[in-house]
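Colleague:
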Amino acid sequence: MGYEPLVKKNPLRVLNLAGNNKKMGLIMARAGVGKTALLVQIALDSILRGKRVVHISIDENLEKTKLWYDDILEVILQECSVAQPHELIEMVQQHRMIMTFKESTFNRARLEERLNDLILQDIFKPDCVVIDGFDFTNMDHDHLEDIKNLMENLRLQVWFSATSHREDDRVSPSGVPAPCHELDDLFDTVVLLQPEQENVQLEIIRHNSDVCSGDSCHLSLDPVTMMVKQGD
Amino acid sequence: MNKDLEKVRNIGISAHIDSGKTTLTERILYYTQRIHAIHEVRGKDGVGATMDSMELEKERGITIQSAATYCSWKDIDINIIDTPGHVDFTVEVERALRVLDGAVLILCSVGGVQSQSITVDRQMTRYNVPRIAFINKCDRTGANPERVVNQLREKLNLNAVMIQLPIGLESELEGMVDLVTMKAIYFDGEQGDQLRYEEIPDHLKDDAEEKREELLDAVSMFSEELMEAMLEEEEIPEELIQAAIRKGTLDLELAPVMIGSAYKNKGVQPLLDAVEMYLPCPTDIENTALDLDKDEEEKTVSNNPDDPLVALAFKLEDGRYGQLTYVRTYQGVLKKGENIFNTRTGKKVKVGRLVRMHANEMEEIDEAGSGDIVGLFGVDCASGDTFCDGKINWSMSSMHVPAPVISLAITPKDNKAQDNMSKALNRFSKEDPTFKTFVDHETGETIISGMGELHLEVYIERMKREYKAEVEVGAPRVAYREAITQRAEFNYTHKKQTGGSGQFGRVGGYMEPLEEEEYEFVDEIVGGAIPREYIPSCDKGFQASMEKGMLIGAPITGVRCLINDGSYHAVDSSDMAFQQAAKGAFKEGYKKAGAVIMEPIMKVAVEGPSEFQGAIMGSLNQRRGMIVGTSEEGNYTVVEADMPLSEMFGYSTTLRSLTQGKAEFTMEFSTYKQVPKSVSEELIKEYEESRKNG
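These protein sequence lines are chains A and B, in that order. Take 55 as the starting number for the first sequence in my numbering and just add one per residue. Take 137 as the starting number for the second sequence in my numbering and just add one per residue.
(1) Give the single residue among B:Thr773, B:Val485 and B:Gly468 whose Cα lies nearest to the Cα of asparagine 475 (chain B).
(2) In angstroms with no decimal places, state the Cα-to-Cα distance between glutamate 433 (chain B) and tryptophan 530 (chain B).
(3) What number of angstroms, rounded off, separates the C-alpha of lysine 549 (chain B) from the C-alpha of alanine 560 (chain B)?
(4) Round the Cβ separation of valine 316 (chain B) and methionine 298 (chain B) to the nearest angstrom and send it over; I've been treating them as touching at under 8 Å.
(5) Could you round the C-beta distance between valine 134 (chain B) and alanine 447 (chain B) to whole angstroms and report it? I think they count as a contact, below 8 Å.
(6) Note down, in chain order, all residues in the segment 149 to 168 of chain A with a beta-carbon under 9 Å from any beta-carbon belonging to chain B.
(7) Please identify the residue among B:Ser519, B:Lys471 and B:Glu422 whose C-alpha is closest to the C-alpha of leucine 460 (chain B).
(8) If we count the other Cβ atoms within 10 Å of its Cβ and call it buried at 16 or more, is leucine 174 (chain A) buried or exposed?
(9) So who's on the other strand from valine 107 (chain A), going by DSSP bridges?
(10) Count the other CB atoms, across all protein chains shown, that sit within 10 Å of the CB of proline 281 (chain B); report buried if there are 16 or more and exposed otherwise.
(11) One question on the structure: do leucine 80 (chain A) and valine 225 (chain A) come within less than 7 Å of each other, judged by their Cβ atoms?
(12) Does methionine 281 (chain A) have its Cβ less than 7 Å from a Cβ in chain B?
(13) Return the residues of the segment 754 to 766 of chain B that lie within a Cβ-Cβ distance of less than 8 Å from chain A, sorted by chain order.
(14) Any Cβ of chain B within less than 7 Å of the Cβ of aspartate 171 (chain A)?
(15) With 7 Å set as the bound, which would you pick, yes or no: does the beta-carbon of lysine 813 (chain B) sit closer than that to a beta-carbon of chain A?
(16) Would DSSP call leucine 544 (chain B) helix, strand or coil?
(17) Tell me, please, whether the CB atom of asparagine 115 (chain A) is closer than 7 Å to any CB atom in chain B?
(18) Since glycine 750 (chain B) meets chain A, which of its residues come closer than 7 Å, beta carbon to beta carbon?
(19) Name the residues in the segment 281 to 303 of chain B whose C-beta lies less than 7 Å from a C-beta of chain A; which are they?
(20) Please check if any C-beta of chain A sits within less than 7 Å of the C-beta of glutamate 769 (chain B).
(21) Could you please give the first and the last residue of the uninterrupted alpha helix (DSSP H) stretch that includes histidine 591 (chain B)?
(22) Cα separation between alanine 365 (chain B) and valine 355 (chain B)?
(23) Ignoring anything shorter than 3 residues or poking outside the segment 245 to 296 of chain B, list the beta strand (DSSP E) runs there in chain order.
(24) What beta strand (DSSP E) runs, 3 residues minimum, are completely inside the segment 208 to 236 of chain A?
(25) Please return the same chain residues whose Cβ sits closer than 7 Å to the Cβ of glycine 182 (chain B), not counting the five positions on each side in sequence.
(26) Residues in its own chain within less than 6 Å of leucine 408 (chain B) by CB, not counting five upstream and five downstream?
(27) If you check the beta carbons only, do leucine 698 (chain B) and tyrosine 655 (chain B) fall under 7 Å apart?
(28) Grab the span of the beta strand (DSSP E) containing glutamine 330 (chain B) for me, first residue to last.
(29) Please report the residue range of the alpha helix (DSSP H) in which isoleucine 96 (chain A) lies.
(30) Cα-Cα, which of B:Leu512, B:Met498, B:Lys472 and B:Val411 is closest to lysine 451 (chain B)?
(31) Can you tell me whether serine 637 (chain B) is buried or exposed? The criterion is at least 16 other CB atoms within 10 Å of its CB, across all chains shown.
(32) Report yes or no: do three or more beta-carbon pairs, one from the segment 600 to 614 of chain B and one from the segment 660 to 673 of chain B, lie closer than 8 Å?
(33) Which residues in the same chain as serine 814 (chain B) place their Cβ atom closer than 6 Å to its Cβ, once the five residues preceding and following it in sequence are excluded?
(34) Any idea if aspartate 329 (chain B) is buried or exposed, counting beta-carbon neighbours within 10 angstroms, 16 or more meaning buried?
(35) Can you grab the Cα-Cα spacing for the pair histidine 140 (chain A) / proline 745 (chain B), in whole Å?
(36) Taking the beta carbon of glutamine 95 (chain A) as the centre, do at least 16 other beta carbons fall within 10 Å, making it buried, or is it exposed?
Structure representation (structure tokens):
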């Protein structure tokens with residue numbers, strides 16, 4: 055594709071998490087730290103490798119979700135010049151589809167129906183799904199496992215975002231905070247974002263079901279773009 | 137007339153199709169006693185709404201031309217412009233907004249923020265128009281004003297705050313609670329003429345308190361006094377809240393939300409009160425003009441009747457008595473019998489008849505003060521011209537006019553129709569800047585182009601009815617364009633020797649793609665390789681070449697032509713020779729510049745029940761569409777897609793049969809994009825065949 059250098063500072067690539075196909079990942083952070091931006095980075099990384107992404111926004115509108123992509127793409131293009139930026143922008147548009155749902159009506163059956171609409175009619179065959187704004191507070195293990203099975207059957211990689219709360223200090227043995235502390239066995243990768251002065255700290259808590267520790271699991275990100283900071 | 141400008145409101149009413157704009161306007165006219173009976177838009181009495189004066193509008197139940205009217209509410213004069221909802225008539229909305237101070241954005245309580253509400257809102261933002269939102273049709277099944285308020289916040293990013301609470305909904309809609317005065321309002325009498333103010337019903341008291349708190353929180357930031365009063369937990373005077381709402385609205389930082397059902401005669405009078413209280417008067421808004429004598433320096437218009445006149449002609453119409461020009465005065469006074477100057481043409485005209493418009497009826501007046509919107513007869517001008525009284529030379533800035541995307545060939549049925557057709561076309565293109573017409577020299581056909589199928593259909597119908605010009609209509613065509621994709625050199629010599637003096641000129645340089653602009657000419661000739669006097673000839677030659685591309689004969693856009701070399705002959709060189717040389721050079725370069733065909737891409741939004749989402753997406757996908765995304769809300773879904781216009785002909789029929797008539801779509805122009813190779817080959821083949829046969 056030739057666009058790969060554009061995302062050389064994409065955190066997933068730096069941490070070697072990018073090629074992690076057909077797995078389920080989770081990004082956790084408190085409100086406003088940058089979960090959506092990181093999900094968009096994950097999506098863009100896939101797109102620039104020629105893959106297709108369905109971006110699901112729950113309780114958010116289409117226009118705003120589109121804006122996330124436009125803004126982040128603009129930053130990437132500012133940092134690395136591309137001969138035909140229009141072609142790149144068009145490619146991103148063609149390889150991405152946004153779906154928005156209301157939280158109250160979002161469930162496995164609906165998701166399956168919608169994805170099948172796309173795949174069976176050959177409208178759009180995604181390789182990766184990112185789900186932003188999914189409410190984990192009332193999620194039971196079985197339900198999420200159900201969704202995981204669906205994604206496995208469809209051979210899709212999936213990334214979720216979840217909001218953790220300051221006042222809730224429950225944590226799973228492997229270090230995954232509430233509200234996902236009882237679901238952590240379902241995720242292959244869990245990433246935590248934390249604000250830290252001028253940066254955002256990215257920490258891998260679990261990867262390929264192993265608990266991670268040590269420097270190789272940490273990265274400092276630019277809070278605006280969620281890209282790896284210069285010099286790191 | 138030295139009118140108190142604080143008592144004038146120039147407002148627009150705009151919204152998505154079928155949200156009830158015209159019905160609301162009709163009610164406003166009734167309650168302000170401009171009309172004495174209410175007629176429905178699609179009423180069985182055959183009269184139709186007063187504002188839809190055009191026969192066609194009554195038949196179709198849509199508004200095509202924005203109608204201007206005037207009414208008085210309490211001691212306020214309100215000029216109202218009812219604008220069309222259909223995006224094909226978008227220029228009507230644009231020009232209405234250009235001259236309005238405030239607007240009422242109507243939303244359907246069931247449909248909520250629909251695609252055209254978004255377009256209209258964007259237009260309002262472009263012209264900095266403060267607005268009140270009115271959630272209409274609260275009597276409908278499925279009405280949910282609260283959901284609509286959330287959509288106003290989410291989709292339009294408005295700081296929307298409810299200032300009313302419904303009493304009952306759907307068929308039980310009785311009235312509303314005013315959260316500012318904390319009174320319940322009911323509408324008695326057959327036409328809801330009598331307002332009855334009561335205590336808030338018990339079951340709504342808690343809700344009303346809660347919503348009032350929300351309202352106070354939201355508006356307190358616009359008034360320190362109000363904030364203080366809240367902190368001290370005093371009884372808060374109504375005026376304080378109203379002043380804060382007004383401030384927030386005028387600053388474009390707040391959108392007060394009202395509710396009602398125009399059709400059921402509920403909520404219209406409080407809306408008029410709100411127009412008075414919260415929307416700006418002419419002096420609240422800063423309008424600027426360009427001083428043409430001072431290098432287009434920006435000037436703020438004063439609204440002062442004692443200053444020299446500045447008035448903008450924003451809309452033309454062919455009336456029974458000749459051209460009717462709608463004018464808004466920004467300062468000075470427009471007087472019958474006086475001379476005014478058109479600053480674009482420099483021509484002097486005399487103000488003949490001056491009228492106040494009321495849809496298709498009018499009232500003669502002698503003068504119009506600043507801030508007013510009136511009609512002018514017998515003045516020849518184009519839409520967008522500025523008039524001054526000769527003391528100054530100002531021009532109001534121009535407005536946004538989108539390029540037409542679709543065209544039709546029309547042929548008159550007989551000789552008589554031929555004459556009438558050209559009269560009609562002349563008139564329409566003067567009235568509507570998005571409507572264009574020209575004769576294709578190769579085929580001899582008359583081509584009309586505009587913003588959409590409906591747009592052109594309406595003009596053809598008008599030609600028939602108003603001008604008795606019967607025409608045959610060809611199939612709709614897409615307004616394709618050609619563009620180049622790479623830089624290409626040219627070096628062309630035009631030489632002709634025919635007894636006497638010949639023709640000679642050589643032009644060298646290159647052409648390259650130009651983004652965002654249509655054409656640019658760069659002269660880098662040094663040392664007089666081409667004499668100065670012939671440089672404009674080269675420019676002219678290039679421009680002439682841009683009119684018709686070599687692939688399918690479509691106009692070419694986005695080219696920069698640079699000349700840096702050439703030669704001439706002392707005797708044989710001429711203006712003509714260099715024009716020909718430039719044309720030859722363009723042709724030479726164009727062949728090497730990777731020319732492509734561009735087609736208009738439309739932004740399409742299909743709305744319908746969720747069960748049809750798959751089918752809708754399938755139908756768009758089949759038509760070369762790129763689906764951008766889907767939004768689902770309950771059992772309702774919207775699919776957004778970028779679609780080539782050429783694939784959208786006849787889509788309404790497909791969609792109807794696909795969804796049992798339960799889905800509808802809207803479409804507006806988005807951008808030009810290169811057509812795929814397969815389509816491009818097809819188009820070129822077609823063009824070549826038509827030339828062979830033609």
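The beta-carbon is built from N, C-alpha and C at its ideal position, and this holds for glycine as well.
Modeller: Concretely, from the data shown:
(1) Out of B:Thr773, B:Val485 and B:Gly468, B:Val485 has the C-alpha closest to the C-alpha of asparagine 475 (chain B).
(2) Near 9 Å, if we compare the C-alpha coordinates of tryptophan 530 (chain B) and glutamate 433 (chain B).
(3) Their backbone Cα atoms lie some 15 Å apart in a straight line.
(4) Not confirmed; about 11 Å, so no contact.
(5) One cannot answer for residue 134 (chain B) here, as it falls past the ends of chain B, which runs 137 to 830.
(6) Against chain B - using a Cβ distance shorter than 9 Å - the residues of the segment 149 to 168 of chain A are Arg150, Met151, Ile152, Met153, Thr154, Phe155, Lys156, Ser158, Thr159, Phe160, Arg164, Glu167 and Arg168.
(7) Nearest option by C-alpha distance: B:Ser519.
(8) Result: exposed.
(9) Beta-bridge pairing links valine 107 (chain A) to A:Arg150 and A:Cys182.
(10) Flag for proline 281 (chain B) reads buried.
(11) Not a contact, by the Cβ cut-off of 7 Å.
(12) No, no contact with chain B.
(13) Taking 8 Å as the Cβ-Cβ cut-off against chain A, the residues of the segment 754 to 766 of chain B that qualify are Gly754, Asn757, Met762, Ile763, Val764, Gly765 and Thr766.
(14) Yes, aspartate 171 (chain A) lies at the interface with chain B (some Cβ there is under 7 Å from its Cβ).
(15) At a cut-off of 7 Å, the C-beta of lysine 813 (chain B) has no neighbouring C-beta in chain A.
(16) Three-state result, leucine 544 (chain B): strand.
(17) Yes, asparagine 115 (chain A) lies at the interface with chain B (some Cβ there is under 7 Å from its Cβ).
(18) Taking a Cβ-Cβ cut-off of 7 Å, the neighbours of glycine 750 (chain B) in chain A comprise Asp171 and Gln175, given in sequence order.
(19) Going along the segment 281 to 303 of chain B in chain order, one finds Glu290 and Lys291 with a Cβ nearer than 7 Å to chain A.
(20) Using a Cβ-Cβ cut-off of 7 Å, glutamate 769 (chain B) counts as an interface residue toward chain A, since at least one Cβ of chain A sits closer than that to its own.
(21) Segment 589 to 603, the alpha helix (DSSP H) holding histidine 591 (chain B).
(22) Each residue's Cα considered, the two are about 13 Å apart.
(23) Assignment of beta strand (DSSP E) within the segment 245 to 296 of chain B, counting only whole runs of 3 or more residues, yields 267 to 272 in chain order.
(24) Scanning the segment 208 to 236 of chain A for uninterrupted beta strand (DSSP E) segments of 3 residues or longer gives 211 to 217, listed from N- to C-terminal end.
(25) The pLDDT assigned to glycine 182 (chain B) is 45, lower than 50, so where the model puts this residue is not dependable, and the model offers no usable value.
(26) Answer for leucine 408 (chain B): Trp209, listed in chain order.
(27) It is not a contact, given that the beta carbons lie outside the stated cut-off.
(28) Boundaries of the beta strand (DSSP E) harbouring glutamine 330 (chain B): 330 to 334, taken from the DSSP string.
(29) Where isoleucine 96 (chain A) is concerned, the enclosing alpha helix (DSSP H) stretches over 89 to 102.
(30) For the set B:Leu512, B:Met498, B:Lys472 and B:Val411, the Cα lying nearest the Cα of lysine 451 (chain B) is the one of B:Leu512.
(31) By the 10 Å Cβ count, serine 637 (chain B) comes out exposed.
(32) No contact exists between the segment 600 to 614 of chain B and the segment 660 to 673 of chain B.
(33) Close CB contacts of serine 814 (chain B) within its chain, under the 6 Å cut and outside five residues either way in sequence, are absent.
(34) Per the 10 Å Cβ criterion, exposed.
(35) Cα to Cα, histidine 140 (chain A) sits roughly 35 Å from proline 745 (chain B).
(36) With 16 or more other Cβ atoms within 10 Å, it is buried.
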